[in-house]
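As C-alpha cells, the structure follows; a few thoughts come after it.
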Amino acid sequence: MTTLKYLLPEDRIPTTWCNVLPDLPSPVPPLLHPGTREPVTGEDLAPLFPAEVIAQELGTAREVDIPGAVLDVYRQWRPSPLVRARRLERSLDTPARLYFKYEGVSPTGSHKPNTAVPQAYYNRRAGVRRLVTETGAGQWGSSLALACSYFGLDCEVFMVRVSYDQKPYRRGLMETFGASVHPSPSPRTAAGRAALAADPEATGSLGLAISEAVEAVATGDGTAKYALGSVLNHVLLHQTVIGQEARLQFQLADDRPDIVIGAAGGGSNFGGLLLPFLREHPALGGRGPAVRAIAVEPASCPSLTRGRYEYDFGDSAGLTPLALMHTLGHDFVPPGIHAGGLRYHGMSPVISHLRELGLVEARAVPQTACFEAGVRFARSEGIVPAPESCHAVRVALDEALACRESGEAKTIVFSLSGHAHFDMQAYMDYFAGTLTD
319 MTTLKYLLPE
329 DRIPTTWCNV
339 LPDLPSPVPP
349 LLHPGTREPV
359 TGEDLAPLFP
369 AEVIAQELGT
379 AREVDIPGAV
389 LDVYRQWRPS
399 PLVRARRLER
409 SLDTPARLYF
419 KYEGVSPTGS
429 HKPNTAVPQA
439 YYNRRAGVRR
449 LVTETGAGQW
459 GSSLALACSY
469 FGLDCEVFMV
479 RVSYDQKPYR
489 RGLMETFGAS
499 VHPSPSPRTA
509 AGRAALAADP
519 EATGSLGLAI
529 SEAVEAVATG
539 DGTAKYALGS
549 VLNHVLLHQT
559 VIGQEARLQF
569 QLADDRPDIV
579 IGAAGGGSNF
589 GGLLLPFLRE
599 HPALGGRGPA
609 VRAIAVEPAS
619 CPSLTRGRYE
629 YDFGDSAGLT
639 PLALMHTLGH
649 DFVPPGIHAG
659 GLRYHGMSPV
669 ISHLRELGLV
679 EARAVPQTAC
689 FEAGVRFARS
699 EGIVPAPESC
709 HAVRVALDEA
719 LACRESGEAK
729 TIVFSLSGHA
739 HFDMQAYMDY
749 FAGTLTD
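Using my numbering, read the sequence shown as starting at 319 and increasing by one per residue.
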C-alpha cells in the first residue's frame with residue numbers, strides 16, 4: 319500500500335481567487351475606525367495598504383482575477399500536491415480516507431507566499447518602496463522577504479522575541495532574502511519601548527509586533543506600507559488558491575471531503591482550504607452535502623474556544639481598526655509555545671463569523687499532543703510537520719480514530735501548512751521531555 323499523490327499541471331492553477339463573503343447568509347460585520355468607531359473606508363486604510371489591496375479587503379466580487387505576474391511566481395511551486403496518506407491510514411487501522419494538502423513545497427516551506435507575493439506585487443505597482451510587517455514563527459516574515467526580493471522592495475520585520483530566540487534559522491532565512499529583522503518588543507518604536515519599560519525580559523506577542531510594524535509605517539517618511547499575513551479578508555482571499563486546487567484534485571481522486579481541518583491562529587491557512595468547499599454548503603446556496611469544518615488552535619491561546627466574540631483591536635497598542643472577532647483581549651500575552659504562528663489573541667472576522675453561524679467547529683489541543691501526532695505522521699509519511707501544522711494533524715488523527723470506533727469510512731482532508739525544517743529544536747525538546755503544555 320503506497321501513498322497516492324494527486325497532481326495538477328501548471329495550466330490548472332486557478333486564475334481567480336474565490337470570495338465567499340457575498341454568499342454568506344449574513345454579512346461579516348465591518349471593521350471599525352479606532353477613533354470614530356464608524357465602519358472603515360478605503361480612505362481610512364490608505365495609509366496602510368495600496369488601493370488594489372483595499373479594494374479586495376472591502377470588495378464584494380465573487381471572483382478576483384489573479385494578476386499574470388503573480389501567477390508567474392506561483393508556478394514555482396503551484397499547484398501543490400494533494401496526498402492520500404495511505405501509510406498513515408494503515409498505521410491507524412482506520413476505514414477513514416485521509417488526505418493532506420501540502421503547502422510546504424513553497425520556497426519558504428509554508429502557505430504564506432500565497433498572499434505575500436500578491437501583496438508585494440500590488441505595493442510595487444503603487445510605487446511603494448518598503449514593506450513593514452510582523453512575524454511570529456517567521457513563516458510569514460520569510461515569505462514577505464522573498465516576495466519583496468522578487469519585486470524590488472525593501473522589507474522590515476518585527477519578529478516576536480520568543481520566536482526570534484527560538485528560531486534563529488528563520489531569522490537567517492529572512493536576512494538571506496534581504497529583510498532587516500528586529501526582535502519585538504524593540505526600542506525602535508514607542509510601543510516597543512513601553513513594553514520593555516514594563517518588562518525588560520518581555521517575550522512579546524503578535525499583537526505587540528503588529529503595533530510596532532504599524533507605528534513604523536505611520537511615523538515613517540511615507541514610502542512604506544504595512545503587509546499582513548493573516549486575519550483580514552484580502553489575506554484569506556489570496557489563500558483560496560489552496561482550496562480551489564484541492565477541489566480539482568478531489569475530482570481526480572473521485573472523492574469528496576466529509577471533514578475539512580486546519581490549524582487556526584489568525585485563520586488564513588484554514589480559510590484558504592475551507593472557503594472554496596464551503597461554497598457547496600446548502601447554507602450558502604450550494605447543492606453539495608455540507609462539510610464539517612474544524613479549526614484547531616492551541617490550548618494555550620484558545621480564541622475560538624474560550625475567547626469572547628466582540629469588537630477588539632488587532633494589535634496591543636490599539637492602532638489598528640477594530641474587528642468583530644473571537645478574542646482573548648488585545649493585551650493578552652500567550653505562553654511561548656513553539657507554534658509561534660498560532661500565538662495570536664484574536665481570530666479572522668470571517669472565521670469568527672462562520673463559527674457564530676454554526677458553519678465552523680473549533681477545537682483546542684495541547685502542545686505535547688500535537689507533537690505526538692506530528693511524530694506519528696512523519697514516521698508514516700516522511701514529512702516533518704511544522705508545529706502549527708501539527709495541530710491539524712492531531713485532530714485529523716483523532717477523527718480517523720473515531721471512524722475506527724464507529725466503522726464509518728469518512729473522507730478527511732487537512733491542511734499541512736508547512737514543514738518543520740527550521741523548527742527541529744521543537745522536536746528535540748519534545749524527545750528530551752522538556753516540552754510542556
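Beta carbons: idealized from backbone N, C-alpha and C, even for Gly. Every value quoted in this text rests on a predicted model; they were computed, and no experiment measured them.
Reduced DSSP category for Pro594 - H, G, I as helix; E, B as strand; rest coil: helix
Sufficient close CB pairs (3 or more, under 8 Å) joining the stretch 626-637 to the stretch 587-598: no
Three-state secondary structure assigned by DSSP to Leu737: One point to set straight first is that residue 737 is His, not Leu, in the sequence displayed. Of the three classes helix, strand and coil, the one that applies to His737 here is strand, per DSSP.
Residue environment, Thr541, which counts as buried when at least 16 other CB atoms sit within 10 Å: exposed
Residue closest to Gly459, alpha-carbon to alpha-carbon, out of Gly490, Leu637 and Gly353: Gly490
Rounded C-alpha distance that separates Met742 from Tyr748: 10 Å
Within 8 Å, strictly: CB atoms of Glu615 and Leu660: yes
Terminal residues of the beta strand (DSSP E) in which Leu322 lies: Leu322 to Tyr324
Nonlocal neighbours in the same chain, by C-beta distance under 6 Å from Ser586, ignoring five residues either side: Ser548, Val553, Leu554 and Gln557
Chain-order list of residues whose beta-carbon lies under 7 Å from that of Pro501 (same chain, five-residue window excluded): Met477, Arg479 and Tyr482
Given Glu530 as reference, the closest of Asn551, Pro505 and Ala516 once Cα atoms are compared: Pro505
Residues bridged to Leu350 [DSSP beta-bridge criterion]: Pro357 and Leu640
Through-space distance from Ser698 to Ala718, alpha-carbon basis: 15 Å
8 Å contact criterion, which Pro385 and Tyr439 should meet: CB distance rounded: 6 Å
Inter-residue spacing [alpha-carbon to alpha-carbon] between Glu370 and Ala545: 13 Å
Coil, strand or helix - Val678 by DSSP: coil
Paired residues, beta bridge with Val499 - DSSP: Val475
Straight-line Cα distance separating Ala617 from Ala682: 5 Å
Element boundaries [beta strand (DSSP E), containing Leu602]: Taken as a continuous stretch (DSSP letters only), Leu602 belongs to no beta strand (DSSP E), as it is neither H nor E.
Supposed contact pair Ala714 and Phe732 - C-beta distance, whole angstroms, cut 8 Å: 4 Å
Short Cβ contact (8 Å threshold) for Leu646 with Gly676: no
Touching by the beta-carbon criterion (3+ pairs, under 8 Å), the stretch 388-399 and the stretch 345-361: no
Where Ile730 sits in the DSSP three-state scheme: strand
Alpha-carbon to alpha-carbon, Leu406 and Glu723: 17 Å
Beta-carbon gap between His737 and Ala704 smaller than 8 Å: yes
For Val553, the three-state DSSP class (helix, strand or coil): helix
Leu416 vs Ala403 beta-carbon contact at 8 Å: yes
Helix, strand or coil at Phe650 according to DSSP, with G and I counted as helix: coil
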